[in-house]
Each structure stands twice: as structure tokens, then as C-alpha cells.
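Reading through the C-alpha cells given below for one structure.
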Amino acid sequence: MEGLIHQEYPVEKGDYTSAGQASADMKRRLRQLGVSANVMRRVAVASYEVELNLVIHSLGGKLVFDVDSEGVSLISKDRGPGIPDIELAMKEGYSTADDEARSLGFGAGMGLPNMKRNADGFRIESEVGVGTTIEMRFLLS
Amino acid sequence: MTINELQALLQAKNQTPDVDAGREVACGYTCDLLSWVMAHGEPDMAWVTVQTHMNVVAVAVLADMACVVLPEGIEMEQEGLDKATAEGLAVLSSPLSAYEICGRMAAQGIPPRA
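Protein sequence lines correspond, in order, to chains P and X.
Following this note's numbering, the numbering of the first sequence begins with 4 at its first residue and continues without gaps.
Following this note's numbering, the numbering of the second sequence begins with 14 at its first residue and continues without gaps.
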């Protein structure tokens, strides 16, 4: 399978000013490739949610964005702190966001379920003290 | 309804004069929780919120919204306006409350979903 795009974006903890830049760049690249509006929008929503999750919850990490002829893969890897109860974290309305995040209008507990809803494939793995990896796949057709 | 017409309807000030105000508004929404908006935002939407920071622009642009409407005379700062202008997103500042803004939009037939 031919890789059309491979891009990595570092995302730092607490960096609300640059939050959204990686997602915006991914969307721009998909638009250049002529990807359908529906796929572009689903990737945009999920990538922004996962980017914000890194800013709000992680100790820092990166997003790895790949596009091939069949779809888009987006992987988020962080350096911790890890999620103790993934099932609880996946529940709509559950959030551990701090006051700063909430004051900006984040922390509604919609991030992970929203990613899952928008992606065609969704997988999350986490180990406390090590980190969290989220893998999402979006099919082009 | 175009952004221009919406501006008149809401007695609003257009904070992004360089953005195409002839764009059609397809639907309306109000919410101040950005992650909630990420889940429910739609293309060509007019989004009413009291939030004015940079992430508002990011959310609106990612969802392909037509404009952000700030109620009660709230204005967005220049940094956000520059980003909105660069991305083609209109920002309106209305003296009306969010309740009045939504009431007027609904009365003019702007639906909740496109």
C-alpha cells in the first residue's frame, strides 16, 4: 500500500496556544489530496479531540499521521501518566480535566467517545506510569 | 441567510471585515463547552458562545462553521481575529443575549441542524 503522507507532530502538556495547529495541518493536507468533506471533517474532529487530550491530560506526546490509498491512520502516543480505568474514561460526561481546561470550555468528558464515534476503527491502550496510545483509522470510501 | 443578513438581524458588529460575509448560514447552535461543540458542530453553522479564546476559532474552523456569534457585546481579541480571518471564519459581536440571538435566528427559520 502506497503511503501518501507521513507526518509527526509533537504536542506539549498545557500548550493551549498552539492547540489545534496539528489538526489544522492534517485537515489542510487532506484537502490538498481531495479527500471527501465527510472524511475530512471526521478526521478533523477526532484529531482535534486527541490533540487536546494530549494538551490537557498527558505529560506530552506526539501525533503520527499517515495517509495511504485506502485511508487515514492517526496514532497518539504520550509519555504518561496513563489512564487507570479506560472503561470509565470512555464514558460520556466523565472527565478528570483541571480548572484551567474547564475555564476554556474543555473537560465535558466527550473527547474519547467523540473520537470513537468519528473513526472507523478505534483502539486505546494505557498503562499507568508509562503512557497511553490511541490508534484511529478512517476509511476513504 | 447570509452572514451579512445575520449581522443586521443581530445588530452585530462584524469583527472580521475581510472575511466573505456573503457566505450562507445553514444552521444555528449555542454552547460554551468546546468539547460538546466538537461533537455537535456542523458545516456552515452560526455558533453562539461567550468563549473568545483561540481554541474557539480552531473548533469552528475544524467543523467548517460559517461564523461565531459573541453575545452581550463581548469581543474577540485581535490574535483570535487574525486567525479567524486567515481561516475565513467570520466573527460577529452582538449586543443581544445568547437567548435573544437564538430566538431571532430561530424566528427567521435558521434550523438547529443543516
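All C-beta atoms in this analysis are idealised placements derived from N, C-alpha and C, irrespective of residue type, glycine included.
Within chain P, no residue has its beta carbon less than 8 Å from that of V82 of chain X; the closest one is some 15 Å off. With a beta-carbon spacing of about 6 Å, I89 of chain P and I127 of chain P fall inside the 8 Å limit used to define contacts.
In the structure shown, the three-state DSSP call for Y12 of chain P is strand. Under the DSSP definition of a beta bridge, E128 of chain P partners with P:T136. Note on G124 of chain P: under 16 other CB atoms within 10 angstroms of its CB, so exposed under the neighbour-count rule.
DSSP places T43 of chain X inside the beta strand (DSSP E), whose first and last residues are 40-43. Residues of the same chain with a CB within less than 8 Å of the CB of L22 of chain X, apart from the 5 flanking positions on each side, are M14, R117, M118, Q121 in chain order. With respect to chain X, the C-beta atom of M93 of chain P has no partner C-beta closer than 8 Å.
By the Cβ rule, the segment 46-54 of chain P does not count as touching the segment 79-94 of chain X, because fewer than three pairs are nearer than 8 Å.
Under the three-state reduction of DSSP, L47 of chain X is assigned to helix. By the C-beta density criterion, D81 of chain P is buried, having at least 16 other C-beta atoms within 10 angstroms.
Per DSSP, A103 of chain X is one residue of the beta strand (DSSP E) stretching across 103-106. With contacts defined as CB atoms closer than 8 Å, T62 of chain X and C80 of chain X fail to qualify as a contacting pair.
Ranking P:S144, P:N56, P:E73 by CA distance to the CA of P13 of chain P puts P:N56 first. Going by beta carbons, S129 of chain P and G63 of chain P fall outside the 8 Å limit. In the DSSP assignment, N27 of chain X forms a beta bridge with X:L105. Between the segment 103-114 of chain P and the segment 45-55 of chain X, the count of C-beta pairs closer than 8 Å reaches three or more; the two stretches touch. Beta-bridge partners of L83 of chain X (DSSP): X:S106. With respect to the 8 Å criterion, A25 of chain P and L91 of chain P are not classified as neighbours on the basis of their beta carbons. In the structure shown, V53 of chain P adopts helical secondary structure according to DSSP, grouped into three states. V70 of chain P sits close to I8 of chain P, with the two beta carbons spaced by under 8 Å.
Taken in chain order, the complete beta strand (DSSP E) segments of 3 residues or longer contained in the segment 66-95 of chain P are 74-81. Excluding residues up to 5 positions away in sequence, G93, K96, A97, E100, L102 lie with their Cβ nearer than 7 Å to the Cβ of V70 of chain X in the same chain.
Of all residues in the segment 31-52 of chain P, only R44, A47, V48, Y51, E52 come within less than 7 Å of chain X when Cβ atoms are compared, listed by chain position. Counted as a single uninterrupted DSSP element, the stretch harbouring A97 of chain X is not any beta strand (DSSP E) but the alpha helix (DSSP H) occupying residues 91-100. Secondary structure at A73 of chain X: helix, using DSSP grouped into helix, strand and coil. Counting only residues of its own chain and dropping the five nearest sequence neighbours on each side, A127 of chain X has a CB closer than 8 Å to the CB of A39, C40, E55, P56, D57, M58.
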